[in-house]
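So the structure is just underneath, and the comments pick up after that.
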Amino acid sequence: MAGGEDTAVAGDHPIATPLRLLHEVSQISTAGFCGKFKKDCTDLARRVTLLAHLFDELKDSNTLLGSSSSSFNSCFSDLSVALQAAKQLLLVANELDPKIHSDVAVKKINFRFQCVTWKLEKALGNFPYDHFDISEEVQEQVELVRAQLRRATEKYGRPVKSNLLSRASSQPLDKEIDLLHSGNSGIGTLHIENIGNIDHEVRPKVGRVPRGSVRNRSYYSQIVQESERIGNSSKLSEVGDLEISGEDDSPFKSHEESKKSNCPVTPTEFICPISLELMRDPVIVAATGQTYERSYIQQWIDGGHTTCPKTQQQLHNLTLTPNYALKNLISDWCAKNNILQPTVFANGKIKKSDGSFRYVIGEIGAIKVLVRTLSSRFVEDCRAAVAEIRSLSKRSTDNRVLIAEAGAIPVLVKLLTSEDRQIQENAVTAVLNLSIFDDNKRIIMLADAIPSIVQVLRAGSMEAKENAAATIFSLSLGDENKILIGASGAIPALIDLLLTGNTRGKKDAASALFNLCIYQGNKGRAVRAGIIPALLGMLTDSSSCMVDEPLTILSVLANHQEAKETIAKTSTIPVLIDLLRTGLSRSKENAAAILLSLCKRDSENLSCLCRLGAVIPLTELTKSGTERAKRKATSLLEHIRKSQQHSTRN
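With my numbering applied, the sequence shown closes on residue 975, and no number is skipped along the way.
Structure, rendered in structure tokens:
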């Protein structure tokens, strides 16, 4: 485990209890996990032990030793309760044998994982990091753990009302160990039936299913009878985390939200065991008879896996056969329950913007042929196929939907590392085009595309680099993607393109960097990778036609302490003052905004402004600038005036 037991902590130290629990979870993890919940236990233990660096810094914090407020004690108490619940759950879940214990016991443990991950994420979210000397890197690591916990909470089911989760997670598990064999359905005062009594997300995703949810028995028996030969069964526990929406903790629900809470639970047989989402194109794996969503099982196979994700049987036959019977059942169920299909494509038809449908059976068939050709042993065939997919993906949204439906994205991601320059260029451009459709962004991230895109950024042709940068910009529109992309090494590669690329490449790199630097944790990465000198070089290059782009990025970075120090060291302030005098209106506006961020509560920078003659152009800006420029210039002049008065009094 990272962090250490090298420094003893007194028993009355606020961090003593959570640190002890962390060590105990680490010891449990070291012994290893087995059984049905092996993956769940491993994931939870890993996330807990990732907090070791946070505890190490808290242990050494002078602020912590001097704090005794009830709010601080409450935060440590909440964290201790969450860690204690995690420890108990790991012990119980690891001992559960589904061959011996009832289905209800299994559902109970599933629900417990949801409760514990929720409680741990809440405890970390309420922690007052600003009051302690916690480094930026550790805060960033904690934020990643919280993101993983949020995804894990949803993986176990749609968000349950927070008061139910709180009550459930506060019940001691040790009293339940003897009840597992009998299948007692109670979780303290919360019964297992409450798992189905849940609210949708604030921004619900169509077709999301809770793990361990209570099913509609009569309807399920009908489904089983009608599709007995299909061989669908329960969800797979070895599944990656899913993207999540925010959670509403408010006890007051709107009428619309109340209606949503009564939506029917999605039948388990309709759920892909890999994605845990409602299937739209179910296919049967010939070797095992199991059914999956086409794009996810294709991604699994393309990743080099040779076993069935659910049964672990060897896949001697990789043929995927459409499961039309199940697909029709899903369509009928969606229509009966007033639920939108999870995609604009279904049953060989695609929904147009006016609500009507058009048949695309011939088109999807042709695209599937192209996708198969992408894996051809013959380079010329592969070149022709990827070029055609690039062309199709550029033409329309419908094509982007159909290409993704055909399972092209995982194959295209593999081609990003092709040694053939033409194949690589067309593959990265196709991925860029496909990413324009929002639903495809998640598929691209699930395909682990970022490392390959970064590799293209570093070593591809100029065209490939440009389109790789544009792809990162497109994918980084999602907040969580900003974190993942920032941690991938993309920022240094983008800065290099900013320095060495042609005009288009520089613009694409600047757009991606701006988007990534909106996330606070990426600002320090960008500064350490040398973004400030690169931006300054662009501003002072007389041949450069790019001024607004570097100014816009600087305006995002200027409130970051490390960036402010670097800006001051690199003599950026004189350049900004010069732009106040000679720049275009947008440039003047951004220059004033950056200077205001740099000079607030910084007497040295304010004095520098006065020495360099900034007062005259700022005064002019208050009269002739844009509304935003006038506000920034007026505020700057007020800060200068107060600083001068203070100097005079002293």
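All residues carry an ideal CB built from backbone N, CA and C; glycine is no exception.
Using the Cβ count rule (16 or more neighbours within 10 Å means buried), how would you classify residue i?
i, result
"Ser946", "According to the sequence displayed, residue 946 carries Leu and not Ser. Classification for Leu946: buried."
"Gly450", "exposed"
"Phe703", "exposed"
"Leu961", "buried"
"Pro875", "buried"
"Gly628", "exposed"
"His885", "buried"
"Asp706", "exposed"
"Asn915", "buried"
"Ser583", "Below a pLDDT of 50, predicted positions are generally treated as unreliable, and Ser583, at 37, falls in that range; the measurement from the model is reported next regardless. Result: exposed."
"Glu791", "buried"
"Ala954", "buried"
"His964", "buried"
"Asp723", "buried"
"Ser280", "Here the chain covers residues 326 to 975 and nothing more, so residue 280 does not appear."
Quick one: Cα of residue i to Cα of residue j, how far?
i, j, result
"Ala755", "Ser716", "8 Å"
"Arg966", "Ile941", "13 Å"
"Ala752", "Phe401", "50 Å"
"Tyr411", "Gln466", "It is Ala, not Tyr, that sits at residue 411 in the sequence shown. So the alpha carbons of these two residues sit roughly 19 Å apart."
"Arg906", "Thr796", "36 Å"
"Glu713", "Val694", "11 Å"
"Ser562", "Ser620", "Legend: pLDDT at Ser562 = 23, less than 50; position of this residue unreliable, value from coordinates given subsequently. If I take the Cα positions, the gap works out to 19 Å."
"Cys935", "Cys924", "11 Å"
"Val463", "Asp365", "24 Å"
"Arg926", "Glu730", "55 Å"
"Lys444", "Ala407", "6 Å"
"His971", "Leu931", "12 Å"
"Val564", "Leu943", "Any reading at Val564 must be qualified, since the residue scores a pLDDT of 23, below 50, and its modelled position is unreliable; the value itself is stated next. Roughly 57 Å separates the two Cα atoms."
"Glu518", "Tyr454", "Note on Glu518: pLDDT 26, under 50, position unreliable in the model; the coordinate value appears next. Straight-line Cα distance between these residues: approximately 38 Å."
"Asn648", "Asp606", "8 Å"
"Asp732", "Gln747", "Looking at the sequence shown, residue 732 is not Asp but Gly. Near 21 Å, if we compare the C-alpha coordinates of Gln747 and Gly732."
"Leu375", "Cys359", "21 Å"
"Ser351", "Val417", "16 Å"
"His348", "Leu369", "14 Å"
"Ser354", "Thr367", "7 Å"
"Thr342", "Ser405", "6 Å"
"Arg475", "Thr442", "7 Å"
"Phe762", "Glu805", "17 Å"
"Ala772", "Lys652", "24 Å"
"Asp745", "Ala789", "12 Å"
"Ala774", "Gly938", "50 Å"
"Ile692", "Arg725", "11 Å"
"Lys889", "Ala883", "6 Å"
Under 8 Å between the Cβ atoms of residue i and residue j?
i, j, result
"Ala812", "Leu822", "no"
"Ser743", "Leu800", "no"
"Gly846", "Glu468", "yes"
"Asp758", "Leu802", "The displayed chain sequence assigns Asn, not Asp, to residue 758. No, they are not a contact pair."
"Gly814", "Val852", "no"
"Leu645", "Val685", "no"
"Ser721", "Ile728", "no"
"Ile820", "Ile856", "yes"
"Gln638", "Thr616", "no"
"Arg829", "Asp873", "no"
"Ala448", "Asp403", "yes"
"Lys913", "Met871", "no"
"Ile892", "Tyr844", "no"
"Leu643", "Thr632", "no"
In the DSSP assignment, the alpha helix (DSSP H) including residue i goes from what residue to what residue?
i, result
"Tyr454", "No alpha helix (DSSP H) holds Tyr454; DSSP gives it neither H nor E."
"Ile734", "733-740"
"Leu822", "815-825"
"Leu346", "341-356"
"Leu934", "928-936"
"Thr698", "686-698"
"Arg702", "Here Arg702 belongs to no alpha helix (DSSP H), and DSSP marks it neither H nor E."
"Asp804", "804-811"
"Ser801", "Element bounds for Ser801: n/a, residue is neither H nor E."
"Leu946", "940-949"
"Gly849", "845-853"
"Asn311", "Outside the shown range of the chain (326 to 975) lies residue 311, about which nothing can therefore be said."
May I ask which residues mark the beginning and end of the beta strand (DSSP E) holding residue i?
i, result
"Val610", "607-610"
"Glu618", "616-618"
"Pro647", "645-647"
With a threshold of 7 Å, establish whether the CB of residue i neighbours any heavy atom of the ligand MN.
i, result
"Gln439", "This structure lacks the ligand MN; in fact it carries no ligand of any kind."
### Task
Would you be able to state if there are at least three C-beta pairs under 8 Å between the region 865-883 and the region 904-920?
The region 904-920 makes contact with the region 865-883: 3 or more CB pairs, one atom from each, lie closer than 8 Å.
### Stretch pair the region 464-484 + the region 430-442: three plus CB contacts closer than 8 Å
The region 464-484, when compared against the region 430-442, does touch it at the 8 Å Cβ threshold.
### Query
Counting pairs of Cβ atoms below 8 Å between the region 624-636 and the region 733-748, do you hit three or more?
Contact between the region 624-636 and the region 733-748 is present, with at least three C-beta pairs closer than 8 Å.
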